[in-house]
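Take a look at the structure below.
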């Protein structure tokens, strides 16, 4: 392999050919500041327009300063990353960016978590010498995402996520020159577009230009209303990431503290979406086996593969982009919506209250869930099954607002009956987890045998598209997994072309699955954080005494007392849904 | 999404043009040129059809349309007036000529008059620098235009008589 | 086949066509018929003669009579008097501004005396829509020679030895570029001709394509042979309909002759050509932006490397050259590198085409050897400043270039000298300014252009140029402070140092060069609140001299904003707060009672 | 159009079409070829200048001599029409009077081809219309 010798700030460095100056510098502990650049290792995600010009460095012998993020290291290069000329240029460029940025840092949703603010601080900007016209745009509020484009700095990260990673294609750079900005077509509102609300644009935005709709206020109001019974569910991926918001190491499991915090916030019942995940497995697993059985019997009307349907962004994606395939995904609702439906029927009955007096709040790693709960089919007489959704980040803000010292909280357990879950429910939060949970149950139901081993390593990992064949006692079941909608599109196109040989496919919209959701603590481009969160979920699974959904005693009780059996009429009514052509 | 409300034959026209370019995404600019050539402008609904035919996102189409000054989403006037703002024309007074057109027609650059007769645009050098300052109305080129000629040019088009105009 | 005894060459370039050269041609033919001269006289539409100032132009051969500013009504006289009776029409002849004499023979015009035509050799000489005329002028001989007698390496060596450098502005050695592209291994490569000429006031490439399209096609095929490409693409501005039409005709004719297509001249070499249209984005002259535009994307530049030679159109190795560069290639092959390199200066060989415009007598297209001085171009060829005004500045390199002044008039023009003087060659726009031009406004004008044409991708160009423009605006409004001049300089240097592409990196040049060469004008605006050229409206002041005013009310009646008050037969008065400085009163006053300061 | 299939074909075509623009090539470099001006004012035309000019063109072409034959106005020698001015490369112009067909042959064969002077030369202190 070709190696390159160069000097950065007088330190000799040896790197592989093709390494950028930025990477070479970071290898020897020189942290060149960047703003637009973003690289998520192992996921093939890179945004490198070379546009912000913050990372410029001086390369000996070159006329102009070079952007470190996209200049390859060459043999014999001598680089200065902090000469007078470099620092002056960097600060001037920063002043230029700030000169076209609103000065409302103090009240910005991103304050304290803003890469632009951090960079201004890092570069020691104390005045903005160049002032003039600022771009102004209409604010765009959708059910899930707010675009405050005045704050856009044209880093193009959202555009990369929306087009190259997710292939949704809502956002594009428009206009040119000073008027250029990232926007949907015709500057229409997001809720008129094909946006899936996956929130990956929000996850990578370095400023406050893209944020989630803040519903903490509504939650506080509900909690302080004595007439309301407020119950909360919390998604699996939240427990693996919330700690980061309180300065804890990425991947720290905070399940117990999370429960304790929710209780201190005043929720009447603290439940677990994992319970609903187990319920999902019962319904979806049964549906899979039904379809598979008919398919094997030669029923031509049965469509395979079956696709998971837990992810609301994914659902909206195929409704817009592949409406002709809307019969293929499982009709099972997502765990959030199953939870809401059960809470406002089964559990409300138990409490003997009307559904209108119950407020169901979800804590989700996701911004699309805010949209999902507002869909009409998840309402009864206008009353939604799930009333309010907070992202992991919003929950953290609420905890801080309520003077709760999160780190010192004791570990507490979820309430019953909707708080009991299995390891299978926990791993719903990562790519590969839903299908692994389904396999655990489907296998045992189909073969009527105990699984010798519960860890399916062949289904785990971070690759965008994975496939595996699981032996169902002589029946090979071919499974596909995709995370990131761009990868999902590839599998869908194969199905469309009749080239797909899978029996079941799991799809999650966000890279990494829900652990990388648009509502999670900002990873600021550090992909290793996602891996740590993933590890945490597998650890929690391993530590659970029950690790198969169909063994969850409260699930069994729910069927016994209320639903009958999976895919029963009642289950169908409460736990399944239909999809719409949105073109 | 706004439902596409174009006439059936317009949609067919766009489809034909896309087919001519093999429905390739990389031919977008050629498609836009041709469609604008036929329809005069590229309204949102047209861009939606093009995006659908080329199997690309309408945001990308819009991104391209708004990048290139040649493409317009606003219908042009019956007599589109373009004032060359190349350097040669600028130093020979194109700015005053443009100002006079704006004053006379009471519209800004890029707009059309209420009766739809005229629209004003700026051009970057038509290459007739020897005739600077240059104004084009449709296909016709007017050279050495002085602000005092503006009224005359407009009047003759307005009256529908384009015969006796000094052209250079 | 008839060999005509007389040829009437009529310019069919965009400029002359705009002045009804088509109608003139029709009428000439009409009278030729009438006098039954159809077998003797041929009217030929050619490309641009270069002398656009006086278009439409007709050249009568064999006697080289050069008629200027011909109108359709003149056709009859030309045929009757000159063709039939042999008496040139005196009033249509070019008048030498210095000797005030008619010059009948174009050979005797100063405009042409100092020119050497290589890239333009066929412009104004052949009918661009007739491939036979091109072939008669050694057309496609160079391609044939390359394909049948020379190896790819030999052709590249010839181009390298000639010293030809890119005529689009950068001045990169053409042969070297070809060699780099040739040496990249790939089964598919492309030759791209950059015809996205967008400098305001530049029309070199357009004229070549309109006047001699085959020279570009031939050169592209030669380039394809050298680098191993079988496809060529010409990226041309959609605003050039005539050039597009001529290219289409030329490609069709070359294909019919088999000079473009498969198995060219039986050598087994294949080369096909396609047109791609620009859509009004100056930045697409930058080669990476151009390539993205050809791919159907927004024309945003990307960082180099990788250079297009390695990864260009559709990710394949792509050699991009500009029109004028290509137009030089067949001549170099035919006449040899040695001949070519004997013209020009040490580091800049051959000639350069300039579009001469602005406040100059002979606006037009010229081609001069590298090393010609600005003075020779402006005074000898250009005929000096219009209206006897005083020369102030010459701007080269378009919005990327700088404004040079009197002290630069004697520098020999070449790539390096212009850069050293704070400007650049650019693609060849040359705009002359006189005492009436305000240099701060000129800097602002160019910034206006850059601002509109910036793609918006990188911060320094998107925001930095906006701020530069705002500061210039402030100064021309009379609100500038001394600190602003420093800010302009500091910000300009950072933009040059940090912008992503050539457009951004050179965009502050007009600002820096005007500050360097005309600082006194900036100071006058800032310190005295005056615009020495009297161009900045906000700094003008119209006053009525009471003693001279007769109270005729003419100014009062002509003021569009009602800023003038006064009784009939009494001195009038201008309310400065209402005055929009339109100058209407000044022009109307019959008693010189209104002053402008 | 037929395809050009080889370099030889291309050269052949070039030779064929070159004559079409020969006139232009020569007038672009008149000092390198024989220049002939025929006086073609009313008096000249009346005395048959047109025929003289045509004859010159035909003969020169037959003899394959590169020449520019132009018409000019009255040279002021009405007594000697048709008059013809002949300029050989790098030589002074010479004016001949009463040039009929015979004279044309003589001018070509003796003066142009061999450079020898012949009878009929008009003294050169004249002014042409151009000046």
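Residue numbers (my numbering), protein chains in the order written: chain A, 1 to 583; chain B, 584 to 751; chain C, 752 to 1348; chain D, 1349 to 1479.
Here a beta-carbon is modelled for each residue, glycine too, at the ideal position from N, C-alpha and C.
None of the values given here were measured: they were computed from a predicted structure.
What first and last residue would you give for the beta strand (DSSP E) that runs through residue 229 of chain A? Its beta strand (DSSP E) spans residues 229 to 234.
Run through chain D and tell me which residues come within less than 8 Å of residue 1009 of chain C, C-beta to C-beta. Result: 1351, 1352 and 1353.
So what does residue 760 of chain C bridge to, in DSSP terms? Note: residue 760 of chain C sits in a beta bridge opposite C:795 and C:810.
Can you pull out the residues from the segment 56 to 90 of chain A whose beta carbon lies closer than 8 Å to at least one beta carbon of chain C? Per Cβ criterion, the list reads 56, 64, 65, 67, 70, 71, 72, 85, 88 and 89.
Beta-carbon gap between residue 229 of chain A and residue 272 of chain A smaller than 8 Å: When the beta-carbon positions are compared, residue 229 of chain A and residue 272 of chain A stay at least 8 Å from each other.
What does residue 947 of chain C reach in chain A if we use C-beta pairs closer than 9 Å? Residues of chain A passing the Cβ test: none, with the nearest at roughly 15 Å.
Pick helix, strand or coil for residue 659 of chain B, following the three-state DSSP scheme. Residue 659 of chain B falls in the coil class under three-state DSSP.
Kindly identify the DSSP beta-bridge partner or partners of residue 946 of chain C. Residue pairing for residue 946 of chain C: DSSP places it in a beta bridge opposite C:987.
Cut-off 6 Å between Cβ atoms - residues of its own chain near residue 417 of chain A, not counting five sequence neighbours on either side: Same-chain partners within the cutoff: 554.
Chain-ordered neighbours of residue 174 of chain A on chain B, where CB pairs are closer than 7 Å: Chain B residues near residue 174 of chain A: 645, 646 and 649.
Counting C-beta neighbours from all protein chains within 10 Å, is the total for residue 1450 of chain D 16 or more, i.e. buried, or is it exposed? By the neighbour-count rule (16 or more Cβ atoms within 10 Å), residue 1450 of chain D is not buried but exposed.
Out of C:999, C:835 and C:813, which one is the CA nearest neighbour of residue 785 of chain C? Per the C-alpha coordinates, the member of C:999, C:835 and C:813 positioned closest to residue 785 of chain C is C:835.
Quick check on the burial criterion: 16 or more other C-beta atoms within 10 angstroms. Buried or exposed for residue 347 of chain A? The residue in question, residue 347 of chain A, is buried, as its Cβ has 16 or more Cβ neighbours within 10 Å.
Taking Cβ positions only, does residue 641 of chain B come closer than 8 Å to chain A? Output row for residue 641 of chain B: interface = yes.
What first and last residue would you give for the alpha helix (DSSP H) that runs through residue 303 of chain A? Where residue 303 of chain A is concerned, there is no enclosing alpha helix (DSSP H), because DSSP gives it neither an H nor an E.
Rounding to the nearest angstrom, what Cα-Cα distance links residue 1350 of chain D and residue 963 of chain C in this structure? If you take the alpha carbons of residue 1350 of chain D and residue 963 of chain C, they lie about 22 Å apart.
For chain C, check one thing: does any of its Cβ atoms lie closer than 8 Å to the Cβ of residue 571 of chain A? Not one chain C Cβ lies under 8 Å of residue 571 of chain A.
Taking only beta-carbon atoms, is residue 1182 of chain C less than 8 Å away from chain B? The beta-carbon of residue 1182 of chain C is placed less than 8 Å from the nearest beta-carbon of chain B.
DSSP three-state assignment for residue 455 of chain A, whether helix, strand or coil: The answer is coil: DSSP assigns residue 455 of chain A none of H, G, I, E or B.
CB residue 867 of chain C to CB residue 1227 of chain C, shorter than 8 Å? No.
Is the shortest distance between the beta-carbon of residue 602 of chain A and the beta-carbons of chain C less than 8 Å? This structure does not reach residue 602 of chain A, given that chain A is present from 1 up to 583, and the question cannot be answered.
Expected contact under 8 Å - CB spacing of residue 1035 of chain C and residue 947 of chain C to nearest Å: With 8 Å as the limit, residue 1035 of chain C and residue 947 of chain C qualify as a contact, their Cβ atoms being about 5 Å apart.
Inspect the CB distances between the segment 173 to 189 of chain A and the segment 63 to 74 of chain A and report whether three or more fall short of 8 Å. Too few Cβ pairs lie closer than 8 Å, so no.
Here's the rule I'm using: 16 or more other beta-carbon atoms within 10 Å means buried, otherwise exposed. How should residue 323 of chain A be labelled? Exposed.
Neighbour flag for residue 935 of chain C against chain A, beta carbons, 8 Å: False, the Cβ-Cβ gap to chain A never drops below 8 Å.
Positions along the segment 1200 to 1212 of chain C whose CB lies within less than 9 Å of some CB in chain A: Listed by position along the chain: 1201, 1202, 1203, 1204, 1205, 1206, 1207, 1208, 1209, 1210, 1211 and 1212.
Alpha carbon of residue 675 of chain B to alpha carbon of residue 715 of chain B, nearest angstrom: Their backbone Cα atoms lie some 6 Å apart in a straight line.
Neighbourhood of residue 890 of chain C by C-beta distance below 6 Å, restricted to the same chain and skipping five residues each side: The beta carbon of residue 890 of chain C is closer than 6 Å to those of 965 in its chain, skipping five residues each way along the sequence.
Neighbour list for residue 49 of chain A in chain C, Cβ cutoff strictly below 7 Å: From the beta-carbon of residue 49 of chain A, the residues of chain C found nearer than 7 Å are 1208.
Rounded C-alpha distance that separates residue 5 of chain A from residue 12 of chain A: So the two alpha carbons sit approximately 7 Å from each other.
Suppose only complete runs of 4+ residues qualify. What are the alpha helix (DSSP H) ranges in the segment 1207 to 1238 of chain C, listed by chain order? Fully contained in the segment 1207 to 1238 of chain C are the following alpha helix (DSSP H) runs of length 4 or more, in chain order: 1216 to 1227.
Contact set between residue 712 of chain B and chain C, taken where Cβ atoms lie within less than 8 Å: Per Cβ cutoff of 8 Å: 766, 803, 952, 954, 1106, 1108 and 1114.
Chain A contact residues for residue 1215 of chain C, given Cβ-Cβ distances below 9 Å: Within chain A, 92, 93, 96 and 130 have C-beta atoms less than 9 Å from the C-beta of residue 1215 of chain C, given in sequence order.
Close Cβ partners of residue 354 of chain A (< 6 Å) along its chain, the five nearest in sequence each way excluded: Within the same chain, residue 354 of chain A has no close Cβ partners at all.
Supposed close pair residue 976 of chain C, residue 1082 of chain C - CB separation, criterion 8 Å: Rounded, the Cβ-Cβ distance is 17 Å, inconsistent with contact.
Is the segment 796 to 814 of chain C close to the segment 1362 to 1375 of chain D, with three or more CB pairs under 8 Å? Contact annotation: the segment 796 to 814 of chain C touches the segment 1362 to 1375 of chain D, with at least three C-beta pairs closer than 8 Å.
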